[in-house]
Amino acid sequence: MRHLRITAATALLALALTSCVAGEDAGGDDAGTGEWSGDTLNIDFATYNPLSLVIREQGWLEEELTGVTVTWTQSAGSNKANEGLRSAALDVGSTAGSAALLARANGTPIKVIDIYSQPEWSAIVVPGDSDIDEVADLKGRSIAATKGTDPYFFLLQTLAEAGVPLNEVEVQNLQHADGRTAMDNGSVDAWSGLDPIMAAAQAESGAKLIYRNIDFNTYGFLNAREEFLTDHPDLAQAVVDAYERARAWALEHPEELVTLLADVGGISPEVAATVLDERTVLDLDPVPGEAQRKVLAVVGPIFVESGDVASQSDVDLALDELIEPGLATKATDG
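Read in order, the letters of the sequence shown correspond to residues -22 to -1, 1 to 312 in mature numbering (1 follows the signal peptide of the UniProt record, and there is no 0).
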């Protein structure tokens, strides 16, 4: 499996986390006593975030956080995770980097605390028998996309690169799964897709990807509400520690990860393997920092041009405030 590779650093990380997550450092000063700063943790899981599936399946947070009620909620897309964070229904939620920046620029007080993947999870998809062969052919056509998510911003970047004005296409704002359905039944001509639904459309419906560009995909961001980070730093650290434990587990158990994604996503193991083997990098530096800042600096002006954010100054301020590397740094240091 090309992307699920195990490096010497990963092996050392796995050994370090064995002690860290077991309770030596995960809960701050009260670790190992069963005393935590809060009694609830509301966290999401998502098929586009494989590490979240591992943590939920293994029950590590429930085991570690004695006396804390852990509630898992599935996010159907970055927009839904952001809704949960904005309403405080979630303390920690999974989004694409672009969606996190968008939320922060529009006033949602969140910070990215861990990078869970570098995915190629978006592409432009058309039915197998479509006469659309390239992006230029989308002019005058209807395209499904979920606004506020990476596939939507992937679409905006793709159209701009091809010289197709946004006002010369019809964008239908549909949740990811509904976008695939609309493409399959002919309600739209194309879809800016998201894995694993996109890979399933290829395998099950013969859909084809007419444009791919990993540089237009932003990283997988694990975000937390600022209030949660301030009031419950021990719980936040436990979450990030669990994510790094899950990363080591995933790299050591690639076949089990495929099975888990297939089961939760309701897809075949072959489709799950395509997503994980060909389009997902998990073995990466989880500490948010300059690599993510550079990607988001490119995406930010698109928000303003499309009217999704009021001004570039709002984007710049959000980018300055979004990244919180401390928890992931502590987790990886063991």
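Yeah, the Cβ is synthetic: ideal placement off N, Cα and C, and Gly gets one too. Because the structure is a prediction, the values reported are computed rather than measured.
Starting from the C-beta of residue i, find all residues in its chain whose C-beta is less than 8 angstroms away, skip the five residues before and the five after it, and write them out in chain order.
i: asparagine 240; result: According to the sequence provided, residue 240 is alanine. The question's asparagine does not apply to it. Here the set comprises Ser246, Pro247, Val249, Ala250.
i: alanine 160; result: Ala122, Gln150, Leu152, Val166, Trp169
i: glycine 118; result: Glu146, Val147
i: alanine 114; result: Ala140, Gly141, Val142
i: leucine 262; result: Ile93, Ser95, Gln96
Can you have a look at residue i and say buried or exposed, based on whether 16 or more other CB atoms are within 10 angstroms of its CB?
i: threonine 47; result: exposed
i: glutamate 98; result: buried
i: glycine 164; result: exposed
i: residue 326; result: Only positions -22 to 312 of the chain appear in this structure, which leaves residue 326 out of reach.
i: proline 266; result: buried
i: proline 143; result: exposed
i: proline 279; result: exposed
i: serine 30; result: buried
i: glycine 285; result: exposed
i: leucine 305; result: buried
i: serine 95; result: buried
i: serine 291; result: exposed
i: residue 313; result: Because the chain spans -22 through 312 in this model, residue 313 falls outside it and cannot be assessed.
i: aspartate 107; result: exposed
Determine the direct distance from the alpha carbon of residue j to that of residue i, and round the result to whole angstroms.
i: aspartate 193; j: serine 76; result: 12 angstroms
i: asparagine 201; j: proline 303; result: 11 angstroms
i: glycine 6; j: glycine 71; result: Caution is warranted here: a pLDDT of 40 is assigned to glycine 6, below 50, making its placement in the model unreliable, and no coordinate value can be reported.
i: arginine 64; j: glutamate 13; result: 28 angstroms
i: glutamate 61; j: isoleucine 21; result: 13 angstroms
i: leucine 235; j: threonine 73; result: 20 angstroms
i: glutamate 35; j: alanine 228; result: 12 angstroms
i: glycine 55; j: threonine 44; result: 30 angstroms
i: alanine 67; j: leucine 300; result: 20 angstroms
i: leucine 207; j: threonine 18; result: 13 angstroms
i: phenylalanine 23; j: alanine 78; result: 16 angstroms
i: tryptophan 50; j: valine 32; result: 13 angstroms
i: serine 289; j: glutamate 283; result: 9 angstroms
i: tyrosine 189; j: arginine 271; result: 25 angstroms
i: aspartate 69; j: alanine 59; result: 10 angstroms
i: lysine 89; j: isoleucine 175; result: 27 angstroms
i: threonine 25; j: leucine 238; result: 10 angstroms
i: leucine 39; j: alanine 224; result: 11 angstroms
i: alanine 138; j: aspartate 212; result: 44 angstroms
i: phenylalanine 199; j: valine 287; result: 20 angstroms
i: glycine 171; j: glutamine 180; result: 11 angstroms
i: isoleucine 102; j: aspartate 109; result: 14 angstroms
i: isoleucine 93; j: arginine 203; result: 16 angstroms
Counting along the chain, where does the alpha helix (DSSP H) carrying residue i start and finish?
i: tyrosine 26; result: Premise fails: tyrosine 26 is in no alpha helix (DSSP H) and is neither H nor E.
i: leucine 297; result: 290 to 300
i: lysine 272; result: 268 to 284
i: isoleucine 175; result: 175 to 183
i: glycine 55; result: Premise fails: glycine 55 is in no alpha helix (DSSP H) and is neither H nor E.
i: lysine 186; result: Here lysine 186 belongs to no alpha helix (DSSP H); instead the beta strand (DSSP E) covers 186 to 189.
For my contact list, residue i and residue j are in at a C-beta cut-off of 8 angstroms; report their separation, rounded to the angstrom.
i: glycine 16; j: histidine 210; result: 5 angstroms
i: leucine 274; j: leucine 297; result: 6 angstroms
i: alanine 83; j: valine 276; result: Between valine 276 and alanine 83 the Cβ distance is about 14 angstroms, and since that is not below 8 angstroms, they are no contact.
i: proline 87; j: alanine 185; result: Their Cβ separation, rounded to whole angstroms, is 38 angstroms, which puts proline 87 and alanine 185 out of contact at 8 angstroms.
i: tyrosine 130; j: threonine 136; result: About 11 angstroms separates the two Cβ atoms, so there is no contact after all.
Return the first residue and the last residue of the beta strand (DSSP E) that residue i is part of.
i: aspartate 52; result: Residue 52 is actually glutamine in this sequence, not aspartate. 47 to 52 is the span of the beta strand (DSSP E), which, as asked, contains glutamine 52.
i: valine 236; result: Note, valine 236: premise wrong, no beta strand (DSSP E); alpha helix (DSSP H) at 232 to 243.
i: phenylalanine 199; result: 198 to 203
i: proline 97; result: 88 to 97
i: glutamine 150; result: 148 to 151
i: alanine 168; result: 168 to 172
i: serine 246; result: Serine 246 -> no beta strand (DSSP E), and no H or E assigned at all.
Near residue i, what residues of its chain come up, given a Cβ to Cβ distance below 6 angstroms and the 5 sequence neighbours on each side ignored?
i: glycine 244; result: none
i: serine 183; result: Asp162
i: asparagine 145; result: none
i: threonine 307; result: Val265
Between residue i and the rest of its own chain, which residues show a CB-CB distance below 7 angstroms, the 5 nearest in sequence each way excluded?
i: asparagine 195; result: Pro97, Glu98, Trp99, Ser100, Asp128, Phe132
i: alanine 177; result: Val249, Thr252, Val253
i: alanine 4; result: Reliability fails at alanine 4, whose pLDDT of 39 lies under 50, so the model's placement of it is uncertain and no value is given.
i: arginine 257; result: Pro97, Glu98, Trp99, Asp173
i: glutamate 112; result: Ile188
Is the Cβ of residue i closer than 8 angstroms to any Cβ of chain D?
i: proline 279; result: No chain D is present in this structure, which holds just one protein chain.
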